[in-house]
Amino acid sequence: MAVTTTDSAAGEDRVLSFRFPELTERLPPPRVHPLADREAARSNARCRDQLRGLLPDDTAMERFIAQQISLTPLYVCPDARPDRVGIVCDVYQLFAVTDDLFDDLPPADRTPSMAHALLDPIRASLEGDGAAPADAPDYLMPVISLLRRLAEDMTAPQRQRLAAGLAEHAEGCVADVQMCTDGSVTDFDTSLQAHMGSSLGWPVMLMIEYGLGIDASHELDTCPVLHRAVELAIQHALLVNDLFSYRKELFQGDAALNLISVFRDHENLTLQQAVDRLCDRILGTERELYAAHDAVLASPAGNQPHVRAYLHALEMFCTGYVRWCFISQRYNGPGHTGSAIPSGIMTLYPDRTEYTAQPN
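Heads up, the sequence shown is in this note's numbering, so the first residue is 1072 and it goes up one at a time.
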């Protein structure tokens, strides 16, 4: 479908539209956590109280709350234990706030020193005796307190993985900026690997383990195909994210690293061709995930109940994230109430995404 333009009288200078297919094949239907309503409300209240120091003002906080980040873990971790789902929600809110804090800065201000000033005290609090660094700023203390609560219920290998994931995120955020400024965004694979570094993907996967009350650290070290399955689940989410976030990033002038932009800018594809390529990669990654999933089940690790639970949780993570992207105001705009259209046409306006069925 071609790019279309509306006249200024309609209130929009530019409208983009394209076809999209069903985004899942073998993945099960999504489910929401049975405590979703209670935990979303509780986590939003805690976010207002504890994380307001990370955002400029109350208006910015309410805009953030409206993006429905609190629902993300309730869709992607629908089987989290009742005694752990709350902290999973709170950590997701934290990850999203810090992501926005960095992304909302002008590119010139997204410096290594800024990233390290934000993330180094957090990472340091997870090491040694768990004490907050003496020079940690006051606005980070609720963040450090939350992650220390999380770490108390983790094994030592999990705490090490969490600290390593946060360190990778800090370096990845800086690398993203460098790629945009020096023109090193040249192909899909380079951009996807950059996404892997800056996405908090591994800490997010760790939250699945935490929510289930399991530790897969040993199996991730000794079963390469399980490690690959988790990596593919992260990649699947990143690909899905770039489809749904393209509107927001494009109209904010911050879409250079979006994979649709990479296809368009570096392979000279039309918008529809770029979307088709991205959707092909989404479905192809799902197939790769299931190949790894089945290989794990056929391996000695697949005899372990906690590994089998983890594999099922990866399925629910992927299908739940697709569903959240369809309903979220973060990518679809204020007031969006969800879409029941599994395939059809996405129309991207500066302030919203609309979904319509494909004409026969």
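Heads up, the beta-carbon is just placed ideally off N, CA and C, and yes, glycines get one too.
A quick note: this is a predicted structure, and the numbers were derived from the prediction, not measured.
Rounded to whole angstroms, the separation of the alpha carbons of serine 1088 and serine 1370 is 45 Å. Sorting Asp1260, Val1086 and Glu1093 by C-alpha distance to the C-alpha of serine 1410 places Glu1093 at the top. Under the criterion of beta carbons closer than 8 Å, leucine 1328 and cysteine 1389 do not qualify as touching, at roughly 22 Å. In this structure, the alpha-carbon of leucine 1349 lies about 12 Å from that of leucine 1340. Sequence-distant partners of glutamine 1139 (beyond 5 residues in either direction) whose C-beta falls short of 7 Å from its own C-beta, in its chain, are Ser1399, Gln1400 and Arg1401. When C-beta atoms of the stretch 1290-1301 are compared with those of the stretch 1158-1165, fewer than three pairs fall below 8 Å, so the two segments do not count as touching. Secondary structure note for serine 1088: its beta strand (DSSP E) is the uninterrupted segment 1087-1091.
Of all alpha-carbon atoms in Ala1326, Ala1107 and Pro1192, the one lying nearest the alpha-carbon of arginine 1152 is that of Ala1107. DSSP, read as helix, strand or coil, puts methionine 1225 in coil. Where glutamate 1096 is concerned, there is no enclosing alpha helix (DSSP H), because DSSP gives it neither an H nor an E. Following the DSSP letters along the chain, one finds glutamate 1198 in no beta strand (DSSP E), marked with neither H nor E.
Beyond the five residues adjoining it in sequence on each side, phenylalanine 1135 comes within less than 8 Å, by CB distance, of Cys1118, Leu1126, Ala1167, Val1168 and Asp1171 in the same chain, given in chain order. If you keep only unbroken alpha helix (DSSP H) runs of at least 4 residues inside the stretch 1140-1164, you get 1143-1147. With fewer than 16 neighbouring CB atoms inside 10 Å of its own CB, serine 1184 falls in the exposed class. A distance below 7 Å between beta-carbons, with the five flanking residues on each side excluded, links threonine 1095 to the following residues of its chain, in chain order: Glu1357, Thr1390 and Val1393. Assignment of threonine 1182 by DSSP, reduced to helix, strand and coil, places it in the coil class.
Within a 10 Å sphere around the beta-carbon of proline 1101 sit 16 or more other beta-carbons, which makes this residue buried. As computed with DSSP, leucine 1419 is found in a beta bridge with Leu1087 and Thr1424. The alpha helix (DSSP H) runs of length 4 or more contained entirely in the stretch 1238-1301 are, from start to end of the chain, 1259-1269, 1272-1283 and 1288-1293. Serine 1196 and aspartate 1258 have their C-alpha atoms spaced approximately 37 Å apart. For leucine 1385, the uninterrupted alpha helix (DSSP H) segment begins and ends at 1376-1398. Glycine 1404 is a Cβ neighbour of threonine 1424, given a cutoff of 8 Å. Looking at the backbone, the Cα of serine 1262 and that of leucine 1310 are separated by about 11 Å. In this structure, the beta-carbon distance from leucine 1233 to alanine 1222 falls below 8 Å.
With a cutoff of 8 Å on beta-carbon distance, methionine 1276 and alanine 1304 are scored as near each other.
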